[in-house]
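From first to last, the protein sequence lines are chains A and B. Residues 77 to 317 (our numbering) make up the first sequence, in order. Residues 77 to 317 (our numbering) make up the second sequence, in order. Each residue gets a CB set at the ideal place from its N, CA and C atoms; glycine is no exception.
2 protein chains.
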Amino acid sequence: MTYELYYWDGIQGRGEFVRLALEDAGADYVDVTRVPHRGTGEMLKLMKSTNQAQVPFAPPFLRDGDLTVSHVANILSYLGPKLGLAPEDEALRWFANGLQLTITDFIAEVHDTHHPIATSKYYEEQKEEAKARAFEFVANRMPKFLGYFERVLSQNPDGGGHAVGNTTTYVDLSLFQVIEGLSYAFPKAMRHYEQQYPKLLALHASVKARPNIATYIASPRRLAFNEDGIFRRYPELDIEP
Amino acid sequence: MTYELYYWDGIQGRGEFVRLALEDAGADYVDVTRVPHRGTGEMLKLMKSTNQAQVPFAPPFLRDGDLTVSHVANILSYLGPKLGLAPEDEALRWFANGLQLTITDFIAEVHDTHHPIATSKYYEEQKEEAKARAFEFVANRMPKFLGYFERVLSQNPDGGGHAVGNTTTYVDLSLFQVIEGLSYAFPKAMRHYEQQYPKLLALHASVKARPNIATYIASPRRLAFNEDGIFRRYPELDIEP
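See the structure below:
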């Protein structure tokens, strides 16, 4: 059965956390909105249905046959065991999901650096507030979250450079994407902090070298970061902490 | 085994979504930070450990014996089946978790109405930006989320006034708390919109009348809303949409 991923076309966005898992596992999937003759219209039709059960609030969502699963952490919790990207141990699965939800919170804060007041308005209409929020982000929030993930890697009793247990999980892939995105959007802050997070950077490098991830990144399926996504490079927000 | 809930003392906050499930089910639990001789110090000690595995980033988290589960949606996904507050059907469980994560997103937006720039600063230092964000919230975000949940109730093929399936789940309890909180923080907007969401208001009333919930709300364990929590009543943010 082919997995169907629904997400906005043209950006990595939140969909990328799901794509990385599907790509790493070599899973059979389609990115529905990028398929000719299907496209964003098909996604919106599902979301706007006024009679279907179980409509999702927002993309990304995944369809597996008749089943619809929405929200990144929920999708990864569903796919993880099927793709061999979840821990075997039950307790570690709950921990992995908790970590993924912490990443979710972090990503929402990244988004709000360029949209602190209103998602319905352009960045240019909230630029001054964005500078203030971006300063708070690079000065306080980035080190708080990155410091936490570094501790998680350091305190993993199984060691081995993984966030959870002794195998690669979707959490590792998502942490790779977090570092990719922050390096794109906040290069000054990343240079400022990087020596403090050696285990996170080592994890980033090891995920990047995984064969299926390397193939994916070199493919046209991996879109470049851009200023419509979550991680945006605005020079005025690239603040030295 | 007694469940141990860890959350900031003195507020309902995110912990309340977990408390409502534990209370409705009549579960054996303690609110650790409110127990004399345990308190917030015990929670912080767990969070700040530099050698333990599986440390949580933030409260709320739940301990069940040796297992630690963090994040509201993750905790409810764990507790739901044990407390008889999750759907039996597997597909509906994924849907319930997706709904709970949508509530999580909504709650984060409620928080940001009073802290749009920096969680590290006082509300009074970001009051002007808070007014702008609160206007966006009551004008656009509140109807978007509430309209979605109303659709979920309307389009539930099992009907019966539940968000998922034909039984009370933790999602119903959480939607009750959303309406409680919005009515406290944004009474003008709630009065403005309430006729548009009859099914949500009926759900709120039916949850409130559940015996264990009614007992809980009348007990000293249910703290009042206040201006240290997520739902805060600031007259200047109580904007007419």
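What residues from chain A crowd round residue i, counting only those whose CB sits closer than 7 Å?
i: B:His-238; result: Under the 7 Å cutoff, chain A gives no residues; its nearest Cβ is about 12 Å from B:His-238.
i: B:Tyr-224; result: Phe-133
Run down chain B in chain order and give the residues with a C-beta less than 9 Å from the C-beta of residue i.
i: A:Thr-178; result: Pro-132, Phe-133, Ala-134, Ser-146 and His-147
For a cutoff of 8 Å on Cβ pairs, would you count residue i as touching chain B?
i: A:Gly-174; result: yes
i: A:Ile-193; result: yes
i: A:Ser-196; result: yes
i: A:Tyr-154; result: yes
i: A:Leu-143; result: yes
i: A:Ala-290; result: no
Out of the options, state which residue places its alpha-carbon closest to the alpha-carbon of residue i.
i: B:Met-77; options: B:Leu-96, B:Leu-98 and B:Asp-104; result: B:Asp-104
i: A:Glu-80; options: A:Asp-100, A:Arg-297, A:Val-111 and A:Ser-196; result: A:Val-111
i: B:Ile-193; options: B:Lys-207, B:Ile-183 and B:Phe-182; result: B:Lys-207
i: A:Asn-232; options: B:Glu-303, B:Gln-88, B:Lys-284 and B:Ser-125; result: B:Ser-125
i: A:Phe-225; options: A:Pro-274, A:Gly-160 and A:Thr-195; result: A:Pro-274
i: B:Asn-127; options: A:His-187, A:Ser-230 and A:Ser-282; result: A:Ser-230
i: A:Ser-250; options: A:Asp-107, A:Ser-146, A:Val-145 and A:Ile-151; result: A:Ile-151
i: A:Asp-140; options: A:Leu-155, A:Gly-235 and A:Thr-195; result: A:Leu-155
i: B:Leu-168; options: B:Gly-236, B:Glu-201, B:Lys-220 and B:Thr-245; result: B:Thr-245
i: A:His-147; options: A:Ser-196, A:Lys-121 and A:Gly-91; result: A:Gly-91
i: B:Phe-93; options: B:Thr-243, B:Pro-163 and B:Leu-138; result: B:Leu-138
i: B:Gly-305; options: B:Ile-183, B:Ala-129 and B:Asn-242; result: B:Ile-183
i: B:Asp-234; options: A:Ala-129, A:Thr-144, A:Ser-282 and A:Phe-307; result: A:Ala-129
i: A:Ala-97; options: A:Phe-221, A:Pro-157 and A:His-113; result: A:Pro-157
i: B:Tyr-310; options: B:Thr-195, B:Val-283, B:Glu-204 and B:Pro-163; result: B:Glu-204
Check whether chain A comes within 8 Å of residue i, counting only Cβ atoms and requiring the distance to be less than that.
i: B:Asn-150; result: yes
i: B:Gln-272; result: no
i: B:Arg-139; result: no
i: B:Arg-308; result: no
i: B:Trp-170; result: yes
Give me the chain B residues within the contact set of residue i, using Cβ-Cβ distance strictly less than 8 Å, ordered along the chain.
i: A:Arg-227; result: Thr-126 and Val-131
Using a Cβ-Cβ cutoff of less than 8 Å, which residues in the same chain neighbour residue i once the five nearest sequence positions on both sides are dropped?
i: A:Thr-109; result: Tyr-82, Tyr-83, Trp-84, Asp-85, Gly-115, Thr-116, Glu-118 and Met-119
i: A:Ala-265; result: Val-214, Met-218, Leu-258, Asp-314, Ile-315, Glu-316 and Pro-317
i: A:Leu-299; result: Gly-86, Ile-87 and Gln-88
In chain order, what residues of the same chain have a beta carbon less than 7 Å from the beta carbon of residue i, not counting five sequence neighbours either side?
i: A:Ala-210; result: Thr-189, Leu-313 and Ile-315
i: A:Glu-38; result: Residue 38 of chain A lies beyond the stretch modelled for chain A, which goes from 77 to 317, so this question has no answer here.
i: B:Ala-149; result: Asn-173, Gln-176, Leu-177 and Thr-180
i: A:Glu-185; result: Phe-213 and Arg-217
i: B:Met-123; result: Val-131 and Pro-132
i: A:Phe-171; result: Val-240
i: A:Gly-160; result: Ala-101
Give me, in chain order, the residues of the same chain whose beta-carbon lies closer than 6 Å to that of residue i; leave out the 5 immediate sequence neighbours on both sides.
i: A:His-280; result: Phe-252 and Ile-255
i: B:Glu-99; result: Asn-288 and Tyr-292
i: B:Asp-107; result: Leu-81
Name the chain B residues that come within less than 7 Å of residue i, Cβ to Cβ?
i: A:Asn-232; result: Ala-129
i: A:Asn-216; result: Ser-196
i: A:Ala-103; result: In chain order: nothing, as chain B lies at least about 18 Å away.
i: A:Ala-167; result: Leu-143
i: A:Ala-265; result: Those do not exist, as A:Ala-265 stays about 16 Å from chain B at its closest Cβ, beyond 7 Å.
Whose Cβ in chain A lies nearer than 8 Å to the Cβ of residue i?
i: B:Leu-161; result: Simply none; closest approach about 17 Å.
Is any heavy atom of the ligand SAH found at a distance shorter than 7 Å from the C-beta of residue i?
i: A:Pro-132; result: This structure simply doesn't include the ligand SAH, nor any ligand for that matter.
Which residues in chain A sit within 9 Å of residue i, going by Cβ to Cβ distance?
i: B:Arg-209; result: Pro-192, Ile-193, Ala-194 and Glu-205
Enumerate, from N- to C-terminal direction, the unbroken alpha helix (DSSP H) stretches of 4 or more residues contained entirely within the stretch 189-239 of chain B.
203-212 and 218-231
Every unbroken alpha helix (DSSP H) within the stretch 241-304 of chain A, with a cutoff of 4 residues, ordered by chain:
246-261, 263-269, 274-284 and 287-294
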